[in-house]
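Visitor: Here it is: the structure, laid out below.
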Amino acid sequence: MLRSLIMLPCMGMIACCVVRQAAGQLPKPHYRPDASDPKWLVSAVQFHGHLGPWAVAGLRAGMTGRKAVGAEGYFDIEVTVEGPMVKTPESCFLDGLQVSTGATLGKRNLKWGKADEIVVRVKDTHTGTVAKLRPTQVLMQLLTSFKPRPKTAEDEDEDADDHDEHDEHDDRADRELEAIARKIAAMPEKELFRVTLLGK
Ligand SMILES: [Zn+2]
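The opening residue of the sequence shown carries number 37 in this note's numbering; numbering runs sequentially from there.
Take a look at the structure:
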């Protein structure tokens, strides 16, 4: 009895801490971390929510463009991007760009316009230098290489009795997408983009 009386307040304190912690934390991304993932990649995943090829392509585009014009990012930069980013996963590109340039929708220094082909322009507002980037064929092939496998009858059955969205089918797809994303994260930038410097 005495033991239960001591335990009760303790349990209450634990429950209280858990609630308070959850309220003060950032959301948990849908992601399987790998010890070799660089810190910048982890930061981007925290912002975007998962490790997807299109987000990482945007991330690398922003890094490449910012370096090419010599901007620090956030407040000395303007980014315009044209491309087919009407829906996910293509639109994930915009999140990657925001993380790596610091140009964001909220600060109004990132603008997007619909087009068939991807062109990113990164401008250093102090010098007026603009880097124009186009993805290479290699990058486009990687971005479009993931083909979701059609669901089998077995998968449909699993879905019927199990509504957990992390079923085996989704896990396999996530793992494949993360592998492509990590490949894009690690490739040399000259294999990913053709860069032209304007206005110098
Ligand atoms: Zn995404």
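A virtual CB, placed ideally from N, CA and C, is assigned to each residue, including glycine.
Determine the DSSP secondary structure at arginine 102, reduced to helix, strand or coil.
Guide: In the structure shown, arginine 102 sits in a helix (DSSP, three-state: H, G or I).
Visitor: In the DSSP assignment, the beta strand (DSSP E) including glutamate 118 goes from what residue to what residue?
Guide: Where glutamate 118 is concerned, the enclosing beta strand (DSSP E) stretches over 113-119.
Visitor: Let me know the secondary structure DSSP gives threonine 137 once reduced to three states.
Guide: Helix, per DSSP.
Visitor: Can you tell me which of Lys75, Thr232, Gly142, Thr180 puts its alpha carbon nearest to the alpha carbon of glutamate 212?
Guide: Considering only alpha carbons, the answer is Thr180.
Visitor: Taking the C-alpha atoms as reference points, what is the distance between aspartate 155 and arginine 185?
Guide: Here residue 155 turns out to be valine, not aspartate, going by the sequence shown. Those two C-alpha atoms are separated by around 30 Å.
Visitor: So alanine 107 and aspartate 160 are supposed to be a Cβ contact under 8 Å. How far apart are they, rounded?
Guide: Indeed they touch by this definition, with Cβ atoms about 4 Å apart.
Visitor: Quick check on the DSSP output: the beta strand (DSSP E) that includes valine 156 runs from which residue to which?
Guide: Where valine 156 is concerned, the enclosing beta strand (DSSP E) stretches over 155-160.
Visitor: In whole angstroms, give me the CA-to-CA distance for histidine 162 and leucine 233.
Guide: Distance between the alpha carbons of histidine 162 and leucine 233: 15 Å.
Visitor: Comparing the CB of threonine 100 with every heavy atom of ligand 1, is any distance shorter than 7 Å?
Guide: No; taking the cut-off as 7 Å, the Cβ of threonine 100 has no heavy atom of ligand 1 nearer than that.
Visitor: Quick one: what does DSSP say leucine 62 is sitting in, helix, strand or coil?
Guide: DSSP places leucine 62 in coil when its eight states are reduced to three.
Visitor: How about glycine 94: is its Cβ closer than 7 Å to a heavy atom in ligand 1?
Guide: Outside the cutoff, so no.
Visitor: Please classify glutamate 227: is it buried, with 16 or more other beta-carbons within 10 angstroms of its beta-carbon, or exposed?
Guide: Flag for glutamate 227 reads exposed.
Visitor: If you follow the beta strand (DSSP E) that phenylalanine 83 is in, where does it begin and where does it stop?
Guide: Where phenylalanine 83 is concerned, there is no enclosing beta strand (DSSP E), although the alpha helix (DSSP H) it sits in stretches over 75-84.
Visitor: Report the rounded CA-to-CA distance for histidine 86 versus threonine 116, giving the unit in angstroms.
Guide: Going by the C-alpha atoms only, they are around 24 Å apart.
Visitor: Taking one C-beta from the stretch 215-226 and one from the stretch 93-113 each time, how about it: are there three or more such pairs within less than 8 Å?
Guide: Touching, per the Cβ criterion.
Visitor: For phenylalanine 229, name the three-state secondary structure that DSSP assigns.
Guide: DSSP places phenylalanine 229 in strand when its eight states are reduced to three.
Visitor: Once DSSP output is grouped into helix, strand and coil, what is the label at glycine 88?
Guide: Of the three classes helix, strand and coil, the one that applies to glycine 88 here is coil, per DSSP.
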